[in-house]
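Novice: Per this note's numbering, the sequence shown starts with residue 866, numbered consecutively. Where a beta carbon is used, it is the ideal one built from N, C-alpha and C, also for glycine. Once you've had a glance at the structure underneath, I'll fire off some questions.
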Amino acid sequence: MPASRVSAEAIAARLSAVGLTTRVEEHDRCTSVEAEVPESLSAESWREVLEVLAGADHFGLHATSLNGRTLWAVVRKAAPTTGDVGGPSYQR
């Protein structure tokens with residue numbers, strides 16, 4: 866099992882322990898975790914969720930009035946090389 870899958874499964878397990886229902890999916894370059902977040906999630910649970918998400922490479926919260934709130938996290942399969950890194954201080 867790829868290391869990204871192991872990390873994503875660990876994130877999903879910890880989110881499940883907080884009471885969230887999770888989904889883990891494999892993609893070409895990453896493994897993702899999604900979880901629906903109920904309106905009633907306590908402040909203590911939110912702190913735990915944020916601690917869990919610190920183990921991901923990227924994470925966020927998608928919120929809409931139609932579909933509620935979906936938490937997502939991504940664990941990359943390989944670290945980017947220098948040529949793949951971008952951003953405001955990007956240099957070649």
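So, do the stretch 879-898 and the stretch 925-935 have three or more beta carbon pairs nearer to each other than 8 Å?
Specialist: no
Novice: Hey, how far is the Cα of V917 from the Cα of S905?
Specialist: For the purposes of this step, residue 917 is taken as residue 52 along the sequence shown, with counting starting at 1. For the purposes of this step, residue 905 is taken as residue 40 along the sequence shown, with counting starting at 1. Taking the straight line from one Cα to the other gives about 19 Å.
Novice: How far does the beta strand (DSSP E) with A900 in it extend, from its first residue to its last?
Specialist: In the sequence shown, residue 900 corresponds to position 35, counting from 1. First-last of the beta strand (DSSP E) with A900: C895 to V902.
Novice: Could you tell me which residues DSSP pairs with G961 in its beta bridges?
Specialist: Only positions 866 to 957 of the chain appear in the structure, and residue 961 is not among them; the question remains open.
Novice: On the DSSP bridge list, what partners appear for V940?
Specialist: Against the sequence shown, residue 940 aligns to sequence position 75. DSSP, once it has assigned bridges, lists T896 as partnering V940.
Novice: So, is T886 buried or exposed, given that buried needs 16 or more other C-beta atoms within 10 angstroms?
Specialist: Locating residue 886 in the sequence shown gives position 21, where the first residue counts as 1. Label assigned to T886: exposed.
Novice: If you draw a straight line from the C-alpha of T935 to the C-alpha of S872, how long is it?
Specialist: Within the sequence shown, the letter at position 70 stands for residue 935. Within the sequence shown, the letter at position 7 stands for residue 872. Cα to Cα, the separation comes out at about 19 Å.
Novice: Use the C-beta contact count for L880: other C-beta atoms within 10 angstroms, 16 or more gives buried, fewer gives exposed.
Specialist: For this step, residue 880 is matched to residue 15 along the sequence shown. So L880 counts as buried.
Novice: In the DSSP assignment, the beta strand (DSSP E) including T887 goes from what residue to what residue?
Specialist: Counting from one through the sequence shown, the residue named residue 887 turns up at place 22. T887 to E891 is the extent of the beta strand (DSSP E) around T887.
Novice: Tell me where the alpha helix (DSSP H) around S869 begins and ends.
Specialist: Locating residue 869 in the sequence shown gives position 4, where the first residue counts as 1. A868 to V883 is the extent of the alpha helix (DSSP H) around S869.
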